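Heads up: the sequence shown begins at 184 in this note's numbering, then just goes up one per residue.
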Amino acid sequence: MKLYIVGDAEGIGGVVSPNQISNSEDWETETIRRQFTDEICAVCAGAFEGGVNEIYVNDFHGNGRNIIIERLPQQILLIRGEFRPTSGFDLLDESFSGIIFLGAHARTGSWASIIPHTYSEKVNFEIFGQPVGEFDILSLLAGEFKVPTILVSGDAKTIEQAKTNLPFTQMVTSKYALSHNAAICVHPKKICTELRNKTRIALKNLSSIEPPAIVPPIQLTINLKDIKFVEKVMWIPGLKRTKEDVFEFIGSDMRQIAHVIYGITILTS
Ligand SMILES: [Zn+2]
Numbered sequence: 184m185k186l187y188i189v190g191d192a193e194g195i196g197g198v199v200s201p202n203q204i205s206n207s208e209d210w211e212t213e214t215i216r217r218q219f220t221d222e223i224c225a226v227c228a229g230a231f232e233g234g235v236n237e238i239y240v241n242d243f244h245g246n247g248r249n250i251i252i253e254r255l256p257q258q259i260l261l262i263r264g265e266f267r268p269t270s271g272f273d274l275l276d277e278s279f280s281g282i283i284f285l286g287a288h289a290r291t292g293s294w295a296s297i298i299p300h301t302y303s304e305k306v307n308f309e310i311f312g313q314p315v316g317e318f319d320i321l322s323l324l325a326g327e328f329k330v331p332t333i334l335v336s337g338d339a340k341t342i343e344q345a346k347t348n349l350p351f352t353q354m355v356t357s358k359y360a361l362s363h364n365a366a367i368c369v370h371p372k373k374i375c376t377e378l379r380n381k382t383r384i385a386l387k388n389l390s391s392i393e394p395p396a397i398v399p400p401i402q403l404t405i406n407l408k409d410i411k412f413v414e415k416v417m418w419i420p421g422l423k424r425t426k427e428d429v430f431e432f433i434g435s436d437m438r439q440i441a442h443v444i445y446g447i448t449i450l451t452s
């Protein structure tokens, strides 16, 4: 049985500020990298107990060099580094039994959540008129491969949002945000224990977790929060400008939608 883990940093235990996870000189950066790695290890332990024998870990945050590779179990494969052909779903296909979004964060513009954004904090993306976050986009993409999302971890707002489209998925709350940069944090070791237990439970109940489905053609709305990006986005063929700062794209599958979202993110960053 194969498992895919997408590891992001914003929802990791103890993270409340971009400085802790921006590959900067912040004194806590190394502490967070260790916690990020410990949380991945906890999920791997639960996965092995649940019958998984192959794990792909995607270091999905920033420069993609956050997870400390030598601390991971030897059975895993780690996808690391930046500017890959795809972001967040490299090598994902129908051979995986489940996907996990570890350390996820809430959608762009979310209230009471730590560092909310959907790839970019300057763009609002909607699918069929519903705001989407990275976990929505990637879980739909995995759904096209019939791969169910078995676990999501992140702050309480992220979990609240994820539950709306993933009602059967196990959830682990790492903190309760008081603002974009402050939270009541769950103890890091407790998060790891919960991640291990809930991964094992999810795998035991795998057949009851339906992958989310979406019927193409898929309507993507791109709402630019900064008017100077409009000129750049106008260069992309296939986008229809529906308002001064709003574009629409019709995609034939989620892979296409994800590529457009990632391209616009790079263009506007
Ligand atoms: Zn991130």
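Built from N, CA and C at the ideal position, the CB exists for glycine as well.
This structure is a prediction, so every number in the text was calculated from the model and none was measured.
Does the beta carbon of residue i fall short of 7 Å from some heavy atom of ligand 1?
i, result
"Ala192", "yes"
"Gly434", "no"
"His370", "no"
"His363", "no"
"Gly245", "yes"
Looking only at its own chain, which residues have a Cβ that is under 7 Å from the Cβ of residue i, when we skip the five neighbours before and after it?
i, result
"Ala365", "Val199"
"Leu321", "Val189, Gly271, Phe272, Phe284"
"Phe430", "Ile405, Val416, Leu422, Lys423, Arg424"
So, using beta-carbon positions, are residue i and residue j closer together than 8 Å?
i, j, result
"Leu145", "Val416", "In the structure displayed, the chain extends from 184 to 452; residue 145 sits before or after that span and is not available."
"Ser296", "Ala360", "yes"
"Val235", "Leu386", "yes"
"Ile410", "Asp428", "yes"
"Ile433", "Ile310", "no"
"Ser293", "Phe351", "no"
"Gly326", "Ile397", "yes"
"Ile204", "Gly245", "yes"
"Ile238", "Ala230", "yes"
"Cys375", "Ala225", "yes"
"Ser280", "Met354", "no"
"Ser357", "Ser336", "yes"
"Ser214", "Arg254", "Note on identity: in this sequence residue 214 is Thr, with Ser being the wrong assignment. Not closer than 8 Å, so no."
Going straight from the alpha carbon of residue i to that of residue j, what length do you get?
i, j, result
"Thr291", "Asp242", "21 Å"
"Gln218", "Gly196", "7 Å"
"Glu393", "Glu265", "31 Å"
"Met437", "Ala287", "19 Å"
"Ser278", "Ile259", "16 Å"
"Leu285", "Glu222", "8 Å"
"Ser452", "Leu275", "26 Å"
"Lys329", "Ile251", "30 Å"
"Leu349", "Lys408", "28 Å"
"Gln344", "Pro299", "12 Å"
"Phe308", "Thr301", "7 Å"
"Val240", "Glu211", "23 Å"
Which same chain residues, not among the five before or five after residue i, have their C-beta less than 6 Å away from its C-beta?
i, result
"Arg248", "Arg263"
"Asp273", "Ile262, Arg267"
"Val443", "Phe432"
"Ile282", "Tyr187, Ala325, Val330, Thr332"
Touching by the beta-carbon criterion (3+ pairs, under 8 Å), the region 308-325 and the region 372-392: In short, these stretches do not touch, since the Cβ pair count stays below three.
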